[in-house]
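K.L.:
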Amino acid sequence: MEEIKNVKGTHDVFGDENNAYEKVESLMKSIAEIYAYKGVRPPVLEYNSVFVRGVGESSDVVRKEMYTFADKGGRDLTLRPEFTAGIMRLAIQNKLYATNELPLKLYYLGPVFRYERPQLGRYRQFNQFGVESIGHNSPMNDVEVIVLAYTILSSLGLENVKIKINTLGDEASRNAYRTALKEYFAKYIGNMCVDCKSRFELNPLRILDCKVPEDRPVIDGAPKIGAYLSKESKERFDAVLEALESLQIPYEIDQGLVRGLDYYSETVFEFHYKSAKGNDYGAIGAGGHYGSLMKELGGPDLPGVGFSFGIERVVSVLSDNNLLNDIAYELDAYIMPLDKSLDLYAQEVAVILRNSGGYKVDVCFDNVKLGNMFKRATNKNAKYAIIIGEDEAKAESVVLKDLASQEQITVKIEDLVDKLDELYETSYPEEEDK
Ligand code: AMP
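Following this note's numbering, the numbering of the sequence shown begins with 1 at its first residue and continues without gaps.
1. Given that a residue counts as buried once 16 or more other Cβ atoms are within 10 Å of its Cβ, and exposed if not, what is residue 246?
2. Check whether the Cβ atoms of residue 40 and residue 97 sit closer than 8 Å, and answer yes or no.
3. Residue 11: buried (16+ other C-beta within 10 angstroms of its C-beta) or exposed?
4. Using a threshold of 7 Å, is the CB atom of residue 306 nearer than that to any non-hydrogen atom of ligand 1?
5. So, is residue 301 buried or exposed, given that buried needs 16 or more other C-beta atoms within 10 angstroms?
6. May I ask whether a heavy atom of ligand 1 can be found less than 7 Å away from the beta carbon of residue 82?
7. Hey, would you say the C-beta of residue 261 is under 7 Å away from at least one heavy atom of ligand 1?
8. At which residues does the alpha helix (DSSP H) containing residue 20 begin and terminate?
9. Are the Cβ atoms of residue 419 and residue 400 separated by less than 8 Å?
10. For the alpha helix (DSSP H) containing residue 125, name the first residue and the last one.
11. When the distance is taken between beta carbons, is residue 85 closer than 8 Å to residue 55?
12. Kindly say whether residue 157, judged by its beta-carbon, lies nearer than 8 Å to any beta-carbon of chain D.
13. Leaving out the 5 sequence neighbours to the left and right, which residues in its chain are closer than 7 Å to residue 209 when beta-carbon positions are compared?
14. Any idea if residue 410 is buried or exposed, counting beta-carbon neighbours within 10 angstroms, 16 or more meaning buried?
15. State the CB to CB distance for the pair residue 251 and residue 352, rounded to an integer number of angstroms; the pair is presumed to be in contact (CB under 8 Å).
16. According to DSSP, is residue 332 helix, strand or coil?
17. May I ask you to verify whether the stretch 181-201 touches the stretch 273-282, counting CB pairs closer than 8 Å and requiring at least 3?
18. By the 10 Å Cβ neighbour count, where 16 or more other Cβ atoms means buried, how is residue 179 classified, buried or exposed?
19. Going by beta-carbon coordinates alone, are residue 334 and residue 380 separated by less than 8 Å?
20. Taking C-alpha atoms, which residue in 339, 166, 183 and 297 lies nearest to residue 225?
21. Rounded to the nearest angstrom, what separates residue 228 and residue 100 at their Cα positions?
22. Threshold first: 3 residues or longer. Then list the beta strand (DSSP E) segments lying entirely within the stretch 251-278, N to C.
23. Kindly identify the DSSP beta-bridge partner or partners of residue 401.
24. Is any heavy atom in ligand 1 found nearer than 7 Å to the beta carbon of residue 284?
25. Tell me the rounded alpha-carbon separation between residue 106 and residue 389.
26. Is it true that the stretch 20-33 meets the stretch 61-70, where meeting means three or more beta-carbon pairs spaced less than 8 Å apart?
27. From the DSSP output, in three-state form, read off residue 69 for me.
28. Would you mind stating whether residue 314 and residue 288 have Cβ atoms separated by less than 8 Å?
29. Quick one: measure Cβ to Cβ for residue 268 and residue 139, integer angstroms, because I've assumed they're closer than 8 Å.
30. Can you list, in chain order, the residues of its chain with a C-beta nearer than 7 Å to that of residue 417? Leave out the 5 residues immediately preceding and following it.
31. Between which two residues does the beta strand (DSSP E) carrying residue 363 extend?
32. In angstroms with no decimal places, state the Cα-to-Cα distance between residue 123 and residue 157.
33. Can you tell me which of the three DSSP states residue 280 falls into?
34. Return the CA-CA distance between residue 126 and residue 22, expressed in angstroms with no decimal places.
35. Measure the alpha-carbon distance for residue 423 versus residue 346 and round it to whole angstroms.
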């Protein structure tokens with residue numbers, strides 16, 4: 001019998017790798033929640049038009065990569081190749097923009113499908129985590145999503161992530177730039193690749209994305225967007241850069257960065273990281289501002305900004321750099337009262353840690369044996385165990401045990417938050433200025 005295998009470009013996730021996915025995804029979600037984003041789950045299936053109109057007919061995704069088919073009822077459907085257009089459809093249809101304070105801040109996680117050539121870091125079914133901040137035009141929203149993405153990557157242990165940033169300007173800037181590019185490329189297009197020839201007709205900005213080495217010298221000599229920006233777009237971009245500088249988020253302007261999806265305007269960015277093994281998986285995350293996507297899909301004229309990480313690429317980079325074991329703990333501490341009579345005291349300790357310290361803690365009220373409680377702490381991926389016996393309760397203290405090093409100390413309850421702050425500070429020291 002012929003062996004049944006997974007579909008080309010898909011991959012199975014199980015065992016330790018599955019644990020890694022879970023950890024990475026839960027860290028991403030919890031940081032997005034700290035930034036006041038709320039989860040949404042749009043369907044995997046959408047009408048084809050959501051992506052054709054949303055992502056744009058000149059994008060490679062729509063032209064070549066969509067899994068589109070007619071269902072048994074003859075509907076033209078597409079397995080989502082990205083989330084943003086579907087989320088805009090969801091926000092419009094459910095009038096979320098009218099029933100919520102703006103910006104509407106949403107995060108998502110799930111599989112997406114693109115018929116691409118499978119290679120290192122490139123699958124046909126892969127997972128994305130991302131956020132959208134919709135309905136408010138301040139450049140500070142662009143800054144917020146960049147800081148959020150950067151915080152997620154540094155919390156995962158990825159230092160020195162390279163942020164490439166550019167602006168595509170407003171519509172007037174882009175029209176002026178498109179005309180200049182068309183004029184410039186007209187002289188060379190006859191000798192460029194077939195993709196560039198169709199990009200020249202559909203959207204000459206896309207040519208800047210061409211990876212064919214023979215085309216690069218011509219592309220490198222093309223006019224740059226900077227000279228075609230309207231005053232407003234220039235000021236907007238400067239405001240984004242200034243804010244990133246004062247928040248000490250490093251970036252690099254890349255005037256060739258145009259992104260593959262047609263809906264982008266103004267700020268666009270990508271996150272790159274070369275792993276310790278030298279593997280370059282391409283961008284591990286990317287995003288930008290979109291001025292008229294919502295209007296394009298029949299909704300109100302509201303802008304938005306968002307980013308998306310490829311989970312497979314993030315996990316690959318973490319694995320290459322041996323960082324998978326270090327990623328943030330799901331629980332800061334698991335509190336273990338050794339007797340039922342100590343439950344109330346344990347509850348009080350939990351409230352102090354959660355409310356005054358902002359620590360994520362859980363309490364074991366099951367009154368099981370200590371060994372069992374330690375097992376649960378490990379299963380819950382806690383960094384510390386807090387053990388409470390009668391002596392500790394009497395002395396208004398607790399035993400704080402680091403589950404990795406097995407070191408333990410007794411701490412007075414009034415010093416507990418400060419002690420944890422201090423321990424976290426030493427295990428994750430602030431990066432020194434270089
Ligand atoms: P995009 O939606 O094209 O802006 O891509 C956002 C992120 O998704 C990229 O930065 C990658 O990390 C990831 N990604 C895009 N295409 C693929 C793919 N074919 N396989 C795996 N990850 C991908």
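For each residue, glycine too, the CB sits at the ideal point set by N, CA and C.
Keep in mind the model is a prediction, meaning the values are calculated, not measured.
P.N.:
Inspection of the coordinates gives the following:
1. Taking the first residue of the sequence shown as position 1, residue 246 is located at position 246. The Cβ neighbour count for residue 246, taken over all protein chains shown within 10 Å, is under 16; the residue is labelled exposed.
2. By 1-based counting over the sequence shown, the position of residue 40 is 40. By 1-based counting over the sequence shown, the position of residue 97 is 97. Cβ distance not < 8 Å, so residue 40 and residue 97 don't count as in contact.
3. Position 11 of the sequence shown, counted from the start, is the residue given in the question as residue 11. By the 10 Å Cβ count, residue 11 comes out exposed.
4. To locate residue 306, count along the sequence shown from 1; it is residue 306. In this structure, residue 306 has its beta carbon at no less than 7 Å from each heavy atom of ligand 1.
5. Position 301 of the sequence shown holds residue 301. With fewer than 16 Cβ atoms within 10 Å of its Cβ, residue 301 is classed as exposed.
6. Looking up residue 82 in the sequence shown gives position 82. Residue 82: yes, Cβ under 7 Å from ligand 1.
7. Translated into positions along the sequence shown, residue 261 becomes position 261. Result yes, Cβ under 7 Å from ligand 1.
8. Counted from its first residue, the sequence shown places residue 20 at position 20. Looking at the DSSP string, the run of the alpha helix (DSSP H) that includes residue 20 is 15-34.
9. In the sequence shown, residue 419 corresponds to position 419, counting from 1. In the sequence shown, residue 400 corresponds to position 400, counting from 1. It is a contact, given that the beta carbons lie within the stated cut-off.
10. Locating residue 125 in the sequence shown gives position 125, where the first residue counts as 1. Counting along the chain, residue 125 falls outside any alpha helix (DSSP H), though it belongs to the beta strand (DSSP E) covering 125-134.
11. By one-based count along the sequence shown, residue 55 stands at place 55. By one-based count along the sequence shown, residue 85 stands at place 85. The Cβ atoms of residue 55 and residue 85 lie closer than 8 Å to each other.
12. The structure shown has no chain D; it contains just one protein chain.
13. Position 209 of the sequence shown, counted from the first residue, corresponds to residue 209. If we look at residue 209 and ignore the five residues flanking it on each side, its Cβ neighbours are 258 and 260.
14. Within the sequence shown, the letter at position 410 stands for residue 410. It is exposed - the Cβ of residue 410 has fewer than 16 other Cβ atoms within 10 Å.
15. Locating residue 251 in the sequence shown gives position 251, counting from the first residue. Locating residue 352 in the sequence shown gives position 352, counting from the first residue. That belief does not hold up - the Cβ atoms of residue 251 and residue 352 are roughly 39 Å apart, past 8 Å.
16. The residue given as residue 332 occupies position 332 in the sequence shown. Here DSSP, grouped into helix, strand and coil, assigns residue 332 to strand.
17. no
18. As a working mapping, residue 179 is identified with position 179 in the sequence shown. Counting the other Cβ atoms within 10 Å of the Cβ of residue 179 gives fewer than 16, which makes it exposed.
19. Here residue 334 is taken as the residue at index 334 of the sequence shown, counted from 1. Here residue 380 is taken as the residue at index 380 of the sequence shown, counted from 1. The beta carbons of residue 334 and residue 380 sit closer together than 8 Å.
20. One-based indexing of the sequence shown puts residue 225 at position 225. The shortest Cα separation from residue 225 among 339, 166, 183 and 297 belongs to 166.
21. Taking the first residue of the sequence shown as 1, we reach residue 228 at position 228. Taking the first residue of the sequence shown as 1, we reach residue 100 at position 100. When rounded, the distance between both Cα atoms is 36 Å.
22. 265-272
23. Position 401 of the sequence shown holds residue 401. Per DSSP, 385 and 408.
24. Your numbering for residue 284 matches position 284 in the sequence shown. At least one heavy atom of ligand 1 is nearer than 7 Å to the Cβ of residue 284, so yes.
25. Numbered from its first residue, the sequence shown carries residue 106 at position 106. Numbered from its first residue, the sequence shown carries residue 389 at position 389. Roughly 43 Å between the two C-alpha positions.
26. Of all C-beta pairs linking the stretch 20-33 to the stretch 61-70, fewer than three are shorter than 8 Å, placing the two stretches out of contact.
27. Along the sequence shown, read from residue 1 onward, the residue named residue 69 stands at position 69. Of the three classes helix, strand and coil, the one that applies to residue 69 here is strand, per DSSP.
28. What you label residue 314 is simply residue 314 of the sequence shown in a count that begins at 1. What you label residue 288 is simply residue 288 of the sequence shown in a count that begins at 1. Against a cut-off of 8 Å, the Cβ pair of residue 288 and residue 314 comes out as no contact.
29. The residue given as residue 268 occupies position 268 in the sequence shown. The residue given as residue 139 occupies position 139 in the sequence shown. The pair is not a contact, with the Cβ atoms about 13 Å apart (cut-off 8 Å).
30. Taking the sequence shown and counting its residues from 1, one reaches residue 417 at position 417. Taken in chain order, the residues that qualify are 352, 353, 356 and 357.
31. Reading the sequence shown from its first residue, position 363 is the one you call residue 363. Start and end: 361-363.
32. If you number the sequence shown from 1, residue 123 lands on position 123. If you number the sequence shown from 1, residue 157 lands on position 157. Going from the Cα of residue 123 to the Cα of residue 157 covers about 24 Å.
33. As a position in the sequence shown, residue 280 is number 280, starting the count at 1. In the three-state scheme derived from DSSP, where H, G and I count as helix and E and B as strand, residue 280 is classed as strand.
34. Taking the first residue of the sequence shown as position 1, residue 126 is located at position 126. Taking the first residue of the sequence shown as position 1, residue 22 is located at position 22. Looking at the two C-alpha atoms, the distance is approximately 14 Å.
35. Counting from one through the sequence shown, the residue named residue 423 turns up at place 423. Counting from one through the sequence shown, the residue named residue 346 turns up at place 346. Taking the straight line from one Cα to the other gives about 21 Å.
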